[in-house]
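Right, one structure below, let's go through it.
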Amino acid sequence: FFSSRRRHTRYISVTGVQTCALPICLGKWTEDDLHTIPFTLLIPELMENSKPKVSIIQHLRSVTKMCMATYEQYESFGLAKHLNRDELISAGLLHDVGKFVEYARDKNGKIYQTDTGKYIRHPAMGLELVYEFDFPLVVKQAIVFHSKEGDKIERLPEVEIVHRCDFLCFAPIKKFYKK
């Protein structure tokens, strides 16, 4: 599943699934930082006393749990055979992997979008991070096309689910906190 780099990479557990911590290391984040990284910088009101009301880890868990619940509903309709559950879960966990290198922390502790992040954005940065690994097409497409970048292409069914779950974890929250 991972290239030879696997032996030299730390792993963390997110909702019981092991995920590669390479992007976290490349972004110079520590495990303690994970709950201090906001899931988005588009809603400044989500930050309270330098801590996000919704962290990137909470967001990834929420999207993944929503993907799993959606799969279960498709299962009850007899349609789960059209989906790959493992790839859907992996895609939910990894869709925002690029944010770990799109964001950085300044010397005062404030998290900001890097210059590269402004021009390339996390979907493309995330795909670049995982490109050398042998991830399924569903996971790669979810990383690069879960956001607006995928609005003009045909998303795979699992990616469509990730996209919708991601949007449900963003749009209402944006309305709750925007002034």
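Following the working numbering, the numbering of the sequence shown begins with 227 at its first residue and continues without gaps. Where a beta carbon is used, it is the ideal one built from N, C-alpha and C, also for glycine.
Each of E386, Y338 and T262 was checked against the Cα of A317, and the nearest Cα belongs to E386. According to the DSSP secondary-structure assignment, I337 is paired through a beta bridge with R331. In this structure the region 327-339 does not lie against the region 295-305, because fewer than three pairs of beta carbons, one per stretch, are closer than 8 Å. With respect to the 8 Å criterion, L382 and M292 are not classified as neighbours on the basis of their beta carbons. In the DSSP assignment, P278 forms a beta bridge with M273. For H389, the enclosing alpha helix (DSSP H) covers residues P383 to L394. Under DSSP, P264 forms a beta bridge with S281. Relative to L363, the option among G304, N310 and G253 whose CA is nearest is N310. Taking the C-beta atoms as reference points, S276 is found no nearer than 8 Å to G343. Taking a C-beta distance under 8 Å as the contact criterion, E313 and Y403 do not qualify as a contact pair. If you compare the alpha carbons of E358, V323 and K400 with that of H372, the shortest gap goes to V323.
In this structure, T290 lies near I315, with their beta-carbon atoms less than 8 Å apart.
Of C391, A350 and G253, the smallest CA-CA separation from L319 is found for C391. The Cβ atoms of I337 and P398 lie no closer than 8 Å to each other.
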